[in-house]
Amino acid sequence: MEKKVIIFDLDGVLFDTIDLASADMLKLYPGVTPEAIKSMHKNNIHDEMKKPTWIKKQETDEERDKRWQIYTQNKAKQPMYKDMKEFVQRLAKKYILVINTSAMTVNCMPLLLRESIAVCFSQIATKEMHTSKAEKFKMISEQFGQNIGKMLFITDTVGDLLEAGVVNIPTIAVTWGMHDRDYFTEKPYKNLIAIVDSPKELEEYINAYEFAL
76 MEKKVIIFDL DGVLFDTIDL ASADMLKLYP GVTPEAIKSM HKNNIHDEMK
126 KPTWIKKQET DEERDKRWQI YTQNKAKQPM YKDMKEFVQR LAKKYILVIN
176 TSAMTVNCMP LLLRESIAVC FSQIATKEMH TSKAEKFKMI SEQFGQNIGK
226 MLFITDTVGD LLEAGVVNIP TIAVTWGMHD RDYFTEKPYK NLIAIVDSPK
276 ELEEYINAYE FAL
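Using this note's numbering, the first residue of the sequence shown is number 76, and each one after it goes up by one.
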């Protein structure tokens, strides 16, 4: 039987990095509030950061490099959500697992290697591949020869949910990351198939899920 593809977002789904990322954005965009950061994640974060609405702090090359170095070092120390490591390891035995993240490779691989789960993922689609997750879904579909509608995506943001909707990939929203349940219930989303509140609930849903043939 053909193995199905399950795609994970990294930050806010597998790793508890949201507070760190938000703190960095608060430094980079003076005057921006935590709620505004949550609002930015209701769309593609890279597109949002280019908008004139968000006034970026001026940095010298040296200041930017130092801030980036500190952020990268701190991110590598962030914990994996409780029970997620074992869940991923179990899932990897039955499915093709992929990561689709807005982060760069340097901010992904140290976490995955530290937890010894890099081997669980057949592909890690980072920012270097494309800034659009919708485009990366297409690339993933092509690489593994599976129709997008037959795959499954797991995310913690409305922005990702919308990008997944562009290509009609069934999506599960988790509530322990950037956005809580209220964000996902503000209005209907055609590709949202479930909202889960814990890794245990996520695993139970996937185990019972009937993938499209």
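Idealized CB from N, CA, C, for every residue including glycine.
Owing to the predicted nature of the structure, the values given are computational and were not obtained by experimental measurement.
Opposing strand residues paired with residue i [DSSP bridges]
i           : result
residue 200 : 175
residue 272 : In DSSP, residue 272 forms no bridge with anything.
residue 80  : 171
residue 86  : 90
Residue i versus residue j: straight-line alpha-carbon distance, rounded
i           : j           : result
residue 101 : residue 146 : 13 Å
residue 90  : residue 175 : 14 Å
residue 250 : residue 194 : 26 Å
residue 105 : residue 136 : 18 Å
residue 273 : residue 247 : 12 Å
residue 151 : residue 99  : 14 Å
residue 81  : residue 254 : 21 Å
residue 182 : residue 214 : 21 Å
residue 85  : residue 237 : 17 Å
residue 177 : residue 185 : 16 Å
residue 123 : residue 269 : 26 Å
residue 198 : residue 108 : 34 Å
Residue i versus the options, residue with shortest Cα-Cα distance
i           : options            : result
residue 252 : 179, 232, 269      : 232
residue 96  : 247, 280, 142      : 142
residue 289 : 138, 184, 196, 180 : Lying before the first or after the last residue shown, residue 289 is absent from the chain, which here runs from 76 to 288.
residue 258 : 279, 110, 194      : 110
residue 278 : 265, 227, 132, 198 : 227
residue 125 : 103, 282, 214, 215 : 103
residue 93  : 223, 271, 154      : 154
residue 275 : 131, 267, 265, 166 : 166
residue 235 : 224, 264, 225      : 264
residue 130 : 138, 144, 112      : 112
Count Cβ pairs between the region 157 to 176 and the region 215 to 230 that sit closer than 8 Å; are there 3 or more?
Look at the beta carbons and you see the region 157 to 176 touching the region 215 to 230: at least three pairs across the two are nearer than 8 Å.
For the region 120 to 198, which segments carrying the beta strand (DSSP E) assignment without a break, of at least 3 residues, lie completely within its bounds, in sequence order?
171 to 175, all fully within the region 120 to 198.
Decide if the region 178 to 190 is in contact with the region 146 to 165; the criterion is three or more beta carbon pairs, one per stretch, under 8 Å apart.
Between the region 178 to 190 and the region 146 to 165 there are three or more C-beta pairs closer than 8 Å, enough to call the two in contact.
At a cut of 8 Å, does the region 238 to 245 reach the region 203 to 212 through at least three beta carbon pairs?
The region 238 to 245 makes contact with the region 203 to 212, as at least three CB pairs between them are under 8 Å.
Where are the alpha helix (DSSP H) runs, 4 residues long or more, that stay fully inside the region 196 to 273, in chain order?
Counting only runs of 4 or more, we get 208 to 219, 233 to 241, 256 to 259.
The region 254 to 273 contacting the region 112 to 123, beta-carbon criterion three pairs below 8 Å
Yes, since at least three Cβ pairs between the region 254 to 273 and the region 112 to 123 fall closer than 8 Å, the two stretches touch.
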